[in-house]
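Residue numbers (our numbering): 43 to 290.
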């Protein structure tokens, strides 16, 4: 815990000392989470009953990205889940407070592995989520469309480094790219993946097993068709209770 507190303090200090440095470009990892860890999307994480599993996932993802030479990872959007979203799997939960809590735990794992989280501030935003992040002091760098969006976030008391996508890469509107010096070795994330897929199984009502069908109104919803997940889902149907928390 002391080491993590020191890490976050160092990260905050490192970002602040670049406040007046020239703009720079840097390659940032924007790969979707489910493309890194099969079937594990932000929505999967937001459906877990035990959100602390996100910290272990963050360590694994961070370790993997660090080994590939990355220093930053786009964690997720500054928006919450709603039925009119174009992409349900790029949202965590309808609750801004649960979303902030999940981001907090996932970011803890990433920073432990030497990766700096970035939020995606493009498109629509949830001001309640932003307020929750500010309260938690989770003001990591944010990718925005332009200076106008950065000013909007500043007016919401979100003080951070802002980044836009330029022709030759990402440009820092304030501050500059940095690198955290530490690394950790996490050789396999399969155990964590299995725990997450099982912990995110949602019992809604009697019915059928629904694979990756957000906003389902009945049955059991799972985020993978792996045999061990389907088997557990059938067991949950019989027990009428599951470990997951419905995110919509």
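For glycine and all other residues, C-beta sits at the position ideal for the given N, C-alpha and C.
With 8 Å as the threshold, decide whether the Cβ of residue i is near any Cβ in chain D.
i           : result
residue 186 : Reference to chain D is not applicable here, since this structure consists of a single protein chain.
Is the CB-CB distance between residue i and residue j below 8 Å?
i           : j           : result
residue 158 : residue 126 : no
residue 194 : residue 134 : no
residue 108 : residue 156 : yes
residue 271 : residue 239 : yes
residue 171 : residue 87  : no
residue 180 : residue 142 : yes
residue 234 : residue 102 : yes
residue 81  : residue 266 : yes
residue 290 : residue 123 : yes
residue 146 : residue 178 : yes
In or out: residue i buried (at least 16 other Cβ within 10 Å) or exposed?
i           : result
residue 247 : exposed
residue 100 : buried
residue 277 : exposed
residue 64  : For residue 64, the predicted structure reports a pLDDT of 36, less than 50, and the residue's modelled location is therefore unreliable. The matter cannot be settled from this model.
residue 259 : exposed
residue 174 : buried
residue 44  : In this prediction, residue 44 has a pLDDT of 41, which is less than 50 and means its spatial position is unreliable; what the coordinates show is noted afterwards. Exposed, because fewer than 16 other Cβ atoms sit within 10 Å of the Cβ of residue 44.
residue 137 : buried
residue 286 : buried
residue 98  : buried
residue 269 : exposed
residue 257 : exposed
residue 153 : buried
Apart from the five residues just before and just after residue i, which ones in its own chain have a Cβ nearer than 6 Å to its Cβ?
i           : result
residue 162 : 116, 119 and 185
residue 90  : 241 and 242
residue 249 : 260 and 261
residue 222 : 156
residue 237 : 95
residue 224 : 156
Looking only at its own chain, which residues have a Cβ that is under 8 Å from the Cβ of residue i, when we skip the five neighbours before and after it?
i           : result
residue 205 : 70, 160, 183, 184, 185, 186, 212, 213, 214 and 215
residue 188 : 206
residue 66  : In this prediction, residue 66 has a pLDDT of 48, which is less than 50 and means its spatial position is unreliable; what the coordinates show is noted afterwards. So the list reads 213, 214, 218 and 219, once near-sequence residues are dropped.
residue 283 : 245
residue 202 : 57, 181, 182, 183, 184 and 195
residue 255 : 263
With a CB to CB cut of under 7 Å and the five nearest residues on each side skipped, what residues in its chain are close to residue i?
i           : result
residue 280 : none
residue 227 : 105
residue 176 : 199 and 200
residue 274 : 240 and 243
residue 167 : 120 and 121
residue 253 : 264 and 267
residue 191 : 163
Run through the DSSP bridge pairs and tell me what residue i is partnered with.
i           : result
residue 252 : 263
residue 162 : 119 and 185
residue 208 : 211
residue 244 : 263
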